[in-house]
Structures are given as C-alpha cells and as structure tokens.
Amino acid sequence: MSTTGRGDIHLSLTADQADDLISALEAHRGSFERLEKEAGHGFGLPAAYWTGRVQEVQELLDAVRRQEPGDDTGLQGEGGAGRELGQAD
Numbered sequence: 001m002s003t004t005g006r007g008d009i010h011l012s013l014t015a016d017q018a019d020d021l022i023s024a025l026e027a028h029r030g031s032f033e034r035l036e037k038e039a040g041h042g043f044g045l046p047a048a049y050w051t052g053r054v055q056e057v058q059e060l061l062d063a064v065r066r067q068e069p070g071d072d073t074g075l076q077g078e079g080g081a082g083r084e085l086g087q088a089d
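Position 17 of the sequence shown, counted from 1, bears residue number 17 in full-length UniProt numbering, the numbering being contiguous throughout.
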C-alpha cells in the first residue's frame with residue numbers, strides 16, 4: 001500500500017458498526033476482484049491495476065481486523081457500548 005498522503009483515522013464503533021465496516025470492505029475488495037477478472041478478459045484497465053487495488057483493500061481489512069475485540073491494541077469497549085478503532089490503551 002502506498003504511504004503517500006497517509007493519515008490516522010480514529011473511530012468509536014459499536015460491535016455492529018465494526019462488523020458493517022468489515023463487511024463493506026470485503027464487498028469493496030470483491031468488486032475489485034471482479035474487475036480484475038474482467039480485465040483478464042480484455043475489459044477495462046489492466047489486471048495488474050486491479051490486483052494492486054485488491055491488495056490495498058486487503059491490507060486495510062487486515063488492519064481493521066487486528067483491531068477487533070480480543071486484540072488489546074485497538075477496538076476497545078467504552079462502557080460496553082463502543083470500541084475505539086486505531087487507539088491503544
């Protein structure tokens with residue numbers, strides 16, 4: 001993933017919101033995978049472009065998943081109502 005223009009995002013999410021974020025990222029990755037497959041058949045941008053985009057979204061998914069409950073570096077309970085994404089204890 002490119003490090004140009006990177007920034008930190010701190011989110012307070014409920015468990016459902018975190019699940020929704022992960023689901024949305026998985027769907028986004030899936031759309032790039034479909035475009036990658038279509039590119040292999042000669043449609044649109046080169047397959048290598050979409051392969052890179054799939055990898056970028058996968059890296060983001062991996063980062064979000066590292067913050068899931070049970071990992072004491074990220075998504076933390078706030079009075080049982082929410083979790084912080086991207087902030088350590």
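Glycine is no exception: its CB is placed at the ideal position from the N, C-alpha and C atoms.
Do the region 40–52 and the region 18–27 touch if we need at least three Cβ pairs shorter than 8 Å? Contact annotation: the region 40–52 does not touch the region 18–27, with fewer than three C-beta pairs closer than 8 Å.
Pair within 9 Å by beta-carbon distance, W50 and L35: yes
Cutting at 8 Å between CB atoms, please list the residues of its own chain near R29, excluding the five before and the five after it. V54, V57, Q58 and L61
Answer yes or no: do E68 and A27 have a C-beta to C-beta separation smaller than 9 Å? no
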